[in-house]
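Peer 1: What follows is a structure written as structure tokens; I'll ask about it next.
Number of protein chains: 4
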Amino acid sequence: MAMFIGRNRKARVTYGFDEIALVPGNVTINPNEVDITFEIPNSGGSPVGLAIPILASAMDGVVDVQFAGEMGKLGGLAVLNLEGIQTRYEDPEEVLLKVLDADKEHVTALLQKIYQEPVQEDLIAARIEEIKGFGIPAAVSSIPQKAERYGHIAQEAGVDVFVVQSTVSTVRHISTEYRSLDLKQFCRGMRCPVIVGNTVGYEVTLEIMECGVAGVLVGVGPGAACTSRGVLGLGVPQVTATVDCAAARDYHFKKSGKYVPIITDGGMSKGGDVCKALVVWTGRS
Amino acid sequence: MAMFIGRNRKARVTYGFDEIALVPGNVTINPNEVDITFEIPNSGGSPVGLAIPILASAMDGVVDVQFAGEMGKLGGLAVLNLEGIQTRYEDPEEVLLKVLDADKEHVTALLQKIYQEPVQEDLIAARIEEIKGFGIPAAVSSIPQKAERYGHIAQEAGVDVFVVQSTVSTVRHISTEYRSLDLKQFCRGMRCPVIVGNTVGYEVTLEIMECGVAGVLVGVGPGAACTSRGVLGLGVPQVTATVDCAAARDYHFKKSGKYVPIITDGGMSKGGDVCKALVVWTGRS
Amino acid sequence: MAMFIGRNRKARVTYGFDEIALVPGNVTINPNEVDITFEIPNSGGSPVGLAIPILASAMDGVVDVQFAGEMGKLGGLAVLNLEGIQTRYEDPEEVLLKVLDADKEHVTALLQKIYQEPVQEDLIAARIEEIKGFGIPAAVSSIPQKAERYGHIAQEAGVDVFVVQSTVSTVRHISTEYRSLDLKQFCRGMRCPVIVGNTVGYEVTLEIMECGVAGVLVGVGPGAACTSRGVLGLGVPQVTATVDCAAARDYHFKKSGKYVPIITDGGMSKGGDVCKALVVWTGRS
Amino acid sequence: MAMFIGRNRKARVTYGFDEIALVPGNVTINPNEVDITFEIPNSGGSPVGLAIPILASAMDGVVDVQFAGEMGKLGGLAVLNLEGIQTRYEDPEEVLLKVLDADKEHVTALLQKIYQEPVQEDLIAARIEEIKGFGIPAAVSSIPQKAERYGHIAQEAGVDVFVVQSTVSTVRHISTEYRSLDLKQFCRGMRCPVIVGNTVGYEVTLEIMECGVAGVLVGVGPGAACTSRGVLGLGVPQVTATVDCAAARDYHFKKSGKYVPIITDGGMSKGGDVCKALVVWTGRS
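Heads up: the protein sequence lines correspond to chains X, E, Y and B, in order.
In terms of our numbering, the first sequence is residues 1 to 285.
In terms of our numbering, the second sequence is residues 1001 to 1285.
In terms of our numbering, the third sequence is residues 2001 to 2285.
In terms of our numbering, the fourth sequence is residues 3001 to 3285.
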């Protein structure tokens, strides 16, 4: 719904998880008889199937090899961030212990120093192999600027899902200073599914889907650890963002016959928010 | 009122007690001259009359035999939960004292152990007789899965009102693993009024009323002790739920000539909320 | 604006002082050149003029003779409650000191005892004379049940304004147990202006004005010391109540040629709220 | 959007920074390639150019000569208040230290005493010269009553921007007691750009622009240090105020061909609010 926020200028009312609730329907169903499996499509092979439709966010503070293993065994998929401690250090455990031991006063300086260490490209392959060692699919992420380089390495190491992630993703980026990632060409060059994000808009999601991606991450600014709203004034509440991108997904499917899933990313803080996210994400009332 | 929460998708604005207030009318009335008596209809006999239109919730922490007696003497009706301490233990008082004495650390484990004890079916009849010993109507509740078994026992013991209660009630439940309660048949088999709940929707309330129930409990998630909203993301604010179900009640009455009362259940935290609930419940502005 | 709060049922959105703000106009004015004098009309004589359009509420904890004197000298009008300590005790100061000295535990019991003492009717005249001794108009209030008796006494003592006040005022009160005050007849029998309240509605305000009152107090439940909202669920936010009653005042004036002021009563907690109240009260945008 | 706040009376829904957020577009841009320079037009000479479009508010507690120098070097413009400590005292530092040393109990009395000291007109020129000594433009402000006198002095001292500021500015001020500032004539008499404020409305902003000003300050009551809302009940949330005044600016430009910038003044408390202010201020969606 659009509201005038001043003379000749409208804004749209948007909604987050705390502002909606689910309403029981006229029919109930035995929970055991509900199918919640999920598939990431793969134009170059068989889709990546998940028993539960939940991904762990590619945050350095969330996912390491061990966590990816546990998550995979439960039926979900954890994405390892290729620009974090796991690929900068042979022994990331040692580094994390240093952070834990640091006092409040020095921890920021320590973190800055830790992330100055360059990514060791041989560790990319090593981590992927370790994750695959659990007998589960391996997923990793990089920023667009590194996608071509790391994507190639990851693919050689047998990665199952590659994620290209930035705060705000578009297909059209204006710059005369550097060359932007050509997403269409990148997807064509990869043999595994490529997931791209994050977006919040209908048009952008459509444009990204038309590049041949296998999934789109939805959400700018809703996460608990996210500073985009305060620092940049930027963000769309997660329910509206998800509904809009679900509409893009459904339109793209109707037009192309290809179902590209969206993955709602962030803004969930209670168990009930996950239920709300799943319902909103289906695109059905 | 429906609002777009995103592209092509509407949600409805709903209201709880804190969001409404009563407005004085153009005519005032001497409080002594207002009739607030209430009747639970009974197709198989005379209705159950109450001096005040208030029920005590079938919660193990609220209603025991003594409480039911006091409430009945005041003109209301307290519902005893048949799956609580009162029917699992000969001497529930002793068990409650143990809970009171337990420290915070062990109380959850203790409670889990207490509720592992099976329901003793002979205690069902005993409790009903104790309540009726106060010279007041006795009301008990069970979950749908136990309704047939406990309903039969309670009826034999002379219960006056039987309540079938679950978080979300529908007439249509899908399951291939077990047989669902046939509500129509159950009501037909009982000689006392059967109250069913909880619901929040117009259609479901109508469907339940068409099964021959004597009343419908309205409310999913609004109670202070209720975790449905946080854990399941499920719930409708109580004013809207009550208004919708009152509309179903009025439509059902118009169509069938049978007045099936609704009982608004939960979400009241102040004295004024009870006044609001009564006004909303009348269905009149 | 009406909103559906559920199936077939609308409620109206209402506004309090915190939800509105004043907007600067296209013309500014030197504050010294604004006229804020106020008149309470008097069909039986000359109007009661005030230099500032503010009354002090007829609350026992607010107005005594001394306060009325100070307020009158500043140009306002304080209303003395005829059912308070001032008319029950020869020396109210002594009683107030006892209240001040009481500890928290016993103060409620003490207050209950203090208000059991009967009103001494000769004190009514005495207090009015004391107030008039300051050379200012005297205003007193009573509940409707006592209005005829106290109104007569107050009039004999030369009172300038008589206020009949109850939580919710209407002209039509239903009772078979007692006789209600006939407001029209009461106003006709008084030689001084009669102010009546409280109301919040357009129709009721009109009906009260048609009885020949000199002013209407507007507000049910907005005051800081008011429990109507929590205990009775009753109340209309003060801005909407004032706007509605101002519309009744303007319509009554158009129809009858008689301007009966409304007095917005309660809900102001900041200096800015007084400014908002004055603007809302004018009935002009 | 207008809402009925009561019978026959509408109010408008307005918005502040916390109620809006920016939404990412379909195209992204390399931040290095965005032009954010800003110009204050000057009918009597060349415009005053700024590298960053940010002014420091003419508050005595914010801007002194040193601060103006630092701000100017960064590309912004700080406005020195001509009725503050800087122009009342040869050595303002000494006065500020006294304030810092004062205990809470005496600080208000001390501040009242400090501001009783008259403005020393020779200090006006001195401060302007000191600021210009940093090789940056100098900006100063006065209230309308002193604008003619101080404007003349400041102009002689070579000031680059002169600001006439009051809580609520209009072109039409009614008074029989004193002569109001004739804004049109004042602007014509000044050789440097004249910025006027504050306003919040479309019509007033237009009327002020038609007097030949070089900019309009927008905002009544939104500042953290501002008491207009609580004490006067006066104020418009800053987003709506800015949008309305931007519409006036655009209409004035269309009609006259002269682009008079508006400067949104107050209500920003987070970094993101500055981004929101810039977007709202552009007048483009």
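Ideal Cβ positions, reconstructed from N, Cα and C, are used throughout, including at glycine.
1) Within 9 Å of any Cβ in chain E, is that where the Cβ of Leu-2232 of chain Y sits?
2) Kindly confirm or deny that the stretch 1136–1148 of chain E and the stretch 1077–1094 of chain E touch, where touching means at least three C-beta pairs closer than 8 Å.
3) Are the CB atoms of Arg-3088 of chain B and Ile-3114 of chain B nearer to each other than 9 Å?
4) Exposed or buried, Ser-1046 of chain E, counting other C-beta atoms within 10 Å across all chains shown (16 or more means buried)?
5) In chain Y, what lies closer than 7 Å to Asn-1032 of chain E by C-beta?
6) With DSSP run on the structure shown, which of helix, strand or coil describes Val-1140 of chain E?
7) Please name the residue in Y:Arg-2172, Y:Val-2200 and Y:Ile-2040 whose C-alpha comes closest to that of Lys-2258 of chain Y.
8) Once the 5 residues before and after Asp-60 of chain X are set aside, which same chain residues still bring their CB inside 7 Å of it?
9) Please check if any C-beta of chain Y sits within less than 9 Å of the C-beta of Arg-3007 of chain B.
10) Going along the chain, which residues of its own chain have a beta-carbon closer than 6 Å to the beta-carbon of Met-3209 of chain B, five neighbours each way excluded?
11) Residues of chain B with CB closer than 8 Å to the CB of Ile-2029 of chain Y, please, in chain order.
12) Since Val-196 of chain X and Val-164 of chain X should fall inside the 8 Å C-beta cutoff, what is the C-beta to C-beta distance between them, to a whole number of angstroms?
13) Is DSSP giving Ile-85 of chain X helix, strand or coil here?
14) So with CB distances below 8 Å, who are the chain X contacts of Ala-1011 of chain E?
15) Determine whether the beta carbon atoms of Leu-234 of chain X and Pro-3024 of chain B lie at a separation below 9 Å.
16) Are there 16 or more other CB atoms within 10 angstroms of the CB of Asp-316 of chain X, so buried, or fewer, so exposed?
17) Determine the direct distance from the alpha carbon of Glu-1148 of chain E to that of Glu-1120 of chain E, and round the result to whole angstroms.
18) Give every residue of the same chain whose Cβ lies closer than 6 Å to the Cβ of Tyr-2015 of chain Y, excluding the five residues on either side of it in the sequence, and list them in chain order.
19) So with CB distances below 7 Å, who are the chain Y contacts of Glu-3210 of chain B?
20) Could you spell out the range, first to last residue, of the alpha helix (DSSP H) harbouring Val-279 of chain X?
21) Determine whether the beta carbon atoms of Val-231 of chain X and Gly-3272 of chain B lie at a separation below 9 Å.
22) Return the CA-CA distance between Ser-169 of chain X and Ser-256 of chain X, expressed in angstroms with no decimal places.
23) Would you mind listing the beta strand (DSSP E) stretches within the stretch 1200–1255 of chain E that are 3+ residues and don't spill past its ends, in chain order?
24) Considering only C-alpha positions, which residue in the set E:Glu-1070, E:Gln-1112, E:Asp-1244 and E:Asp-1103 is nearest to Phe-1134 of chain E?
25) Along the alpha helix (DSSP H) that carries Thr-2108 of chain Y, what are the first and last residues, could you check?
26) Establish whether the CB of Met-59 of chain X and some CB of chain B are separated by less than 9 Å.
27) Where in the stretch 2122–2178 of chain Y do unbroken runs of the beta strand (DSSP E), each at least 3 residues long, occur, reported from the N-terminal end onward?
28) Which value, in whole angstroms, describes the spacing of the CA atoms of Val-2280 of chain Y and Phe-2038 of chain Y?
29) In the DSSP assignment, find the beta strand (DSSP E) that holds Phe-3067 of chain B and state where it starts and stops.
30) Could you list which residues in chain E have their beta carbon closer than 7 Å to that of Val-2279 of chain Y, in chain order?
31) Look up Gly-3266 of chain B in the DSSP assignment and say whether it is helix, strand or coil.
32) Run through the DSSP bridge pairs and tell me what Thr-1028 of chain E is partnered with.
33) Does any CB atom of chain Y fall closer than 9 Å to the CB of Asn-1198 of chain E?
34) What is the residue span of the alpha helix (DSSP H) that Phe-186 of chain X lies within?
35) With DSSP collapsed to three states, give me the class of Glu-1033 of chain E.
36) On the DSSP letters alone, give me the boundaries of the beta strand (DSSP E) that Lys-3010 of chain B sits inside.
Peer 2: This is what the structure holds:
1) yes
2) Touching, yes, given that three or more Cβ pairs across the two stretches are closer than 8 Å.
3) yes
4) exposed
5) Contact annotation for Asn-1032 of chain E against chain Y: Glu-2177 [CB-CB distance below 7 Å, chain order].
6) strand
7) The shortest CA-to-CA distance from Lys-2258 of chain Y to any of Y:Arg-2172, Y:Val-2200 and Y:Ile-2040 is the one to Y:Ile-2040.
8) Asn-81, Gly-84 and Ile-85
9) yes
10) His-3252 and Val-3260
11) In chain order, His-3173, Ile-3174 and Ser-3175 make up the part of chain B whose C-beta sits under 8 Å from the C-beta of Ile-2029 of chain Y.
12) 5 Å
13) helix
14) Here the neighbours are Tyr-15 and Ile-20.
15) yes
16) Here chain X covers residues 1 to 285 and nothing more, so residue 316 of chain X does not appear.
17) A quick correction: the sequence has Gln, not Glu, at residue 1120 of chain E. So the two alpha carbons sit approximately 16 Å from each other.
18) Pro-2237, Val-2239 and Thr-2240
19) Contact note: Glu-3210 of chain B does not reach chain Y at a C-beta cutoff of 7 Å; the least C-beta distance is about 13 Å.
20) 271–282
21) yes
22) 22 Å
23) 1215–1218
24) Selected option, being the one with the closest Cα: E:Glu-1070.
25) Its alpha helix (DSSP H) spans residues 2104–2114.
26) no
27) 2139–2142, 2161–2165 and 2172–2174
28) When rounded, the distance between both Cα atoms is 16 Å.
29) Premise fails: Phe-3067 of chain B lies in the alpha helix (DSSP H), 3065–3074, not in any beta strand (DSSP E).
30) The contacting residues do not exist; Val-2279 of chain Y stays about 23 Å from chain E at best.
31) coil
32) Y:His-2173
33) By this cut-off, Asn-1198 of chain E is not an interface position.
34) 183–189
35) Of the three classes helix, strand and coil, the one that applies to Glu-1033 of chain E here is helix, per DSSP.
36) Looking at the DSSP string, the run of the beta strand (DSSP E) that includes Lys-3010 of chain B is 3009–3012.
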